[in-house]
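All remarks here apply to the structure that follows.
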Amino acid sequence: ILRTLAPLLQKQAKNANLQRACMKWLYDYKRLNKAILYLILAIFCEQIVNAIQTLALNLYLKELGYTDPQIANLTSYRFVAALIFAVPFGLYIKSKSLRPVFITALAALPMFAVLIIWAASLTIGWLLSLFLVGWGISQSAIGIATGPYILRNTPIEQHTLALSMNSATWSSSFVLTGLLTWLLMQISPQFFTNYTILMLFSVLGFSGLFWALRLPKNENIAEKRTKNIKRREYYQYDWPLIIRTSIPNLL
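Numbering (our numbering), first residue to last: 148 to 398.
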């Protein structure tokens, strides 16, 4: 009897240990600052817009008669704008409150997403390019401000938890958006076209503004410095190291 029960007891003990580990893992995330949880929810809403634009925008442009080179050229405006905007904006937000950045960018990004679909439907190329630039800048602003906000407003021992949860919003939003898109198209493919789905999820992106407005106004901000100190600091940055660490993302 003991020989028969031993494997079962061992299995139950392993399951109990696994359950305790999972509960501890969830409890650690639950202990995160509410401001960080609001930020993660806001970014998740933003990533839903990013996901649907990535999954369906090219298909919609293809339906409208845009060629592959034209689509590639239009898409490049978004990333070129983000590239040019990133470094100066990252320097600008030092010693600045980041709450207004999130509120502005989380309002602008879904707005530009809707305008992109509208301009594409009218086949106005220059206007579509302009809105893609605005979308790229808005998305870049959110991404650049997120890391500093987490590091400023989270205890050191929770940095890894907060940063990993922020990274998880990208993959989880793509999975959820992909599943919902498939489900909606199965329900009514005639009604839920690429245009309808793009508009639906883009409008849902405005929900990120609700969470951004709940961010506390009294955030931790680094000490303000004089202009002369700022200029000296720009030359003291380890620019070769910054460039090397940027290469993987660039590739």
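In this text, a Cβ means the ideal position worked out from N, Cα and C, and glycines have one as well.
Given 8 Å, three or more beta-carbon pairs between the segment 259-271 and the segment 310-318: no
task: State the DSSP-derived secondary structure class of residue 337, mapped to helix, strand or coil.
output: As a working note, residue 337 is residue 190 in the sequence shown. Note: residue 337 maps to coil in three-state DSSP.
- prompt: Which residues in the same chain as residue 240 place their Cβ atom closer than 8 Å to its Cβ, once the five residues preceding and following it in sequence are excluded?
  reply: Counted from its first residue, the sequence shown places residue 240 at position 93. So the list reads 248, 291, 292 and 295, once near-sequence residues are dropped.
Backbone secondary structure at residue 325 - three-state DSSP: One-based indexing of the sequence shown puts residue 325 at position 178. Of the three classes helix, strand and coil, the one that applies to residue 325 here is helix, per DSSP.
message: What would DSSP say about residue 238, mapped onto helix, strand or coil?
response: As a first step, residue 238 must be located in the sequence shown, where it is residue number 91. In the structure shown, residue 238 sits in a helix (DSSP, three-state: H, G or I).
message: Counting beta carbon pairs with one atom in the segment 348-358 and one in the segment 192-209, are three or more of them shorter than 8 Å?
response: yes
Uninterrupted alpha helix (DSSP H) stretches inside the segment 249-307 (no shorter than 4 residues): 272-300
Limits of the alpha helix (DSSP H) - the one that residue 200 falls within: Along the sequence shown, one-based indexing puts residue 200 at 53. Per DSSP, residue 200 belongs to no alpha helix (DSSP H) and is neither H nor E.
- request: Count the other C-beta atoms from every protein chain shown that fall within 10 angstroms of the C-beta of residue 288, then say buried if there are 16 or more, exposed otherwise.
  value: Along the sequence shown, one-based indexing puts residue 288 at 141. Classification of residue 288: buried, given that the 10 Å Cβ count is 16 or more.
task: Go through its chain and collect everything with a Cβ distance to residue 182's Cβ below 6 Å, but skip five positions before and after it.
output: In the sequence shown, residue 182 corresponds to position 35, counting from 1. Same-chain partners within the cutoff: 300, 362 and 363.
query: Can you give the Cα-Cα distance for residue 323 and residue 303, rounded to whole angstroms?
result: Counting from 1 along the sequence shown, the entry for residue 323 is found at position 176. Counting from 1 along the sequence shown, the entry for residue 303 is found at position 156. Their backbone Cα atoms lie some 31 Å apart in a straight line.
field: Endpoints, alpha helix (DSSP H) assigned at residue 207
entry: Here residue 207 refers to the residue found at position 60 when the sequence shown is read from its first residue. Run containing residue 207: 205-210, per the alpha helix (DSSP H) assignment.
- request: Determine the DSSP secondary structure at residue 246, reduced to helix, strand or coil.
  value: One-based indexing of the sequence shown puts residue 246 at position 99. In the three-state reduction of the DSSP assignment, residue 246 falls in the helix class.
field: residue 357: first and last residue of the uninterrupted alpha helix (DSSP H) it sits in
entry: Reading the sequence shown from its first residue, position 210 is the one you call residue 357. Counting along the chain, the alpha helix (DSSP H) containing residue 357 begins and ends at 354-359.
Three-way DSSP call (helix, strand, coil) for residue 185 in this model: Position 38 of the sequence shown, counting from 1, holds the residue named residue 185. Helix at residue 185.
- prompt: What residue from 186, 221 and 275 has the CA that sits closest to residue 253's CA?
  reply: Sequence index remark: in the sequence shown, residue 253 carries index 106 (1-based). Of the candidates 186, 221 and 275, the one whose C-alpha sits nearest the C-alpha of residue 253 is 186.
- request: Would you tell me roughly how many angstroms separate the C-alpha atoms of residue 394 and residue 230, rounded to the nearest one?
  value: Sequence index remark: in the sequence shown, residue 394 carries index 247 (1-based). Sequence index remark: in the sequence shown, residue 230 carries index 83 (1-based). Answer to the nearest angstrom: the Cα atoms are 12 Å apart.
- request: Please confirm whether residue 202 and residue 283 have their CB atoms less than 8 Å apart.
  value: Translated into the one-based positions of the sequence shown, residue 202 becomes position 55. Translated into the one-based positions of the sequence shown, residue 283 becomes position 136. No.
The ligand HEM heavy atom lying under 7 Å from the CB of residue 252: Among the components of this structure there are no ligands whatsoever, and the ligand HEM is therefore not found.
query: Excluding sequence positions up to five away, which residues of its chain have a Cβ less than 7 Å from the Cβ of residue 189?
result: Along the sequence shown, one-based indexing puts residue 189 at 42. 249, 253, 355, 358 and 359.
- request: Spatial neighbours of residue 309 within its chain, please: CB distance less than 7 Å, with the 5 preceding and 5 following residues excluded, ordered by chain position.
  value: The count along the sequence shown starts at 1 and reaches residue 309 at position 162. Apart from the 5 residues on each side of it in sequence, residue 309 sits with its Cβ closer than 7 Å to the Cβ of 179, 183, 297 and 301 in its chain, given in chain order.
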